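> Just so we're aligned, residue 22 is where the sequence shown starts under our numbering, counting upward by one. By construction, the Cβ of each residue, glycine as well, lies at the ideal position given by its N, Cα and C atoms. Model, not experiment: these values are computed from the prediction.
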Amino acid sequence: MLGKNIARKFVTLTTLATLLCVSSMIALAGPLVAGAEITVTGQVTVNGQTAVSNSTITSGSSISTAKGSSAVVSLGKLGRVEVQEDTTMTLNFTDSSIIAMLDSGKVRVSTPAGVASTVTTKNATFMGDSAQADNFLVEAECSHSHIDTTSGSATMREGANDKQVSAGTSATAGNLVQTGCKPCMRPGSGTPPAFAGYPWLILAAAGAAGIGIFLATRENDGLGGGTSVASPTR
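Okay, here's the thing in structure tokens:
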């Protein structure tokens, strides 16, 4: 009887020790999620609830800012994410990466070397170069998305095409003139007027006709419009 009790206790202790070891291995194998602190200006919501400064947010949180409002998410050694006005996005992070899923608006990502940073929009995926410190701004509009790289380097992946966007340069993905979308007002991003279009032809023809009539009138005045002078009779 005593031997059976000892055997049962041994099995129980062995099982508990095995479970403890497995749990520890799983914890070590999984990503360590860094803590994030948010600072807000104006009207900002996190997961649909009004956010307050110095509160902690978790990975996977949805952040929205109203017009004239903004938020800064400080991620410690990972860097920071600046959510500008009129922006809706979801922020994910681990101990070595930042992933922002931008629905609309603008977000700036600043990371040190060794941290992978990604911003995804419906038009493209923008990835910072983890080998160096990066600072870049991504804006998602109705018809397109664009990136401005301040420091470091980033890659814009649009479909199967990759484009390097080094410091001081920018790139655009998507259709700048998509029907039903507000035209992009960024310098150099607009398309030239479609002079070959039907309305432009009408205007051009009307202008040419007006100029022709004006020139013809002046020519007639010069040739036959003068006053006849009769010589006095001697």
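Quick one: what's got a C-beta closer than 6 Å to ILE78's C-beta in the same chain, skipping five residues either side?
For the purposes of this step, residue 78 is identified with residue 57 of the sequence shown, where counting begins at 1. Same-chain partners within the cutoff: ALA57, ILE59 and VAL67.
> Check for me: the beta strand (DSSP E) holding ASN182 runs from which residue to which?
Locating residue 182 in the sequence shown gives position 161, where the first residue counts as 1. Note, ASN182: beta strand (DSSP E), 182-187.
> Quick one, which of SER164, SER151 and SER172 has its alpha-carbon nearest PHE157's?
Counted from its first residue, the sequence shown places residue 157 at position 136. When only C-alpha atoms are compared, the closest one is SER172.
> Is the distance from the Cβ of THR139 to the Cβ of HIS167 below 7 Å?
By 1-based counting over the sequence shown, the position of residue 139 is 118. By 1-based counting over the sequence shown, the position of residue 167 is 146. For the pair THR139 and HIS167, the CB atoms are not nearer than the 7 Å cut-off.
> Whole-angstrom Cβ separation of ALA137 and ALA154, contact assumed at under 8 Å?
Here residue 137 refers to the residue found at position 116 of the sequence shown. Here residue 154 refers to the residue found at position 133 of the sequence shown. Their Cβ separation, rounded to whole angstroms, is 13 Å, which puts ALA137 and ALA154 out of contact at 8 Å.
> ASN156 lies in the beta strand (DSSP E); which residues open and close that run?
Taking the first residue of the sequence shown as 1, we reach residue 156 at position 135. It spans 155-161 - the beta strand (DSSP E) in which ASN156 sits, taken as one unbroken run.
> Taking 7 Å as the threshold (C-beta atoms), are GLY63 and SER90 in contact?
Numbered from its first residue, the sequence shown carries residue 90 at position 69. Numbered from its first residue, the sequence shown carries residue 63 at position 42. Against a cut-off of 7 Å, the Cβ pair of GLY63 and SER90 comes out as a contact.
> Which residue from LYS127, MET122, ASN75 and GLY81 puts its Cα closest to that of ALA87?
If you number the sequence shown from 1, residue 87 lands on position 66. Measuring from the Cα of ALA87, the nearest candidate turns out to be LYS127.
> Which value, in whole angstroms, describes the spacing of the CA atoms of LEU96 and ALA152?
Counting from 1 along the sequence shown, the entry for residue 96 is found at position 75. Counting from 1 along the sequence shown, the entry for residue 152 is found at position 131. If I take the Cα positions, the gap works out to 18 Å.
> When you compare each of ALA175, VAL93 and ASN182 to ALA188 by their alpha carbons, which one comes out closest?
Looking up residue 188 in the sequence shown gives position 167. Ranking the options by Cα distance to ALA188, first place goes to ALA175.
> Which first and last residues belong to the beta strand (DSSP E) in which ASP116 is found?
Residue 116 sits at position 95 when you count from the first residue of the sequence shown. Where ASP116 is concerned, there is no enclosing beta strand (DSSP E), given that its DSSP letter is neither H nor E.
> Rounded to a whole number of angstroms, what is the C-alpha to C-alpha distance between VAL198 and GLU106?
As a position in the sequence shown, residue 198 is number 177, starting the count at 1. As a position in the sequence shown, residue 106 is number 85, starting the count at 1. Going by the C-alpha atoms only, they are around 24 Å apart.
> Which partner residues does GLN64 have in the DSSP bridge list?
Start at 1 with the first residue of the sequence shown, and residue 64 comes out as number 43. Answer is none; GLN64 lacks a bridge partner.
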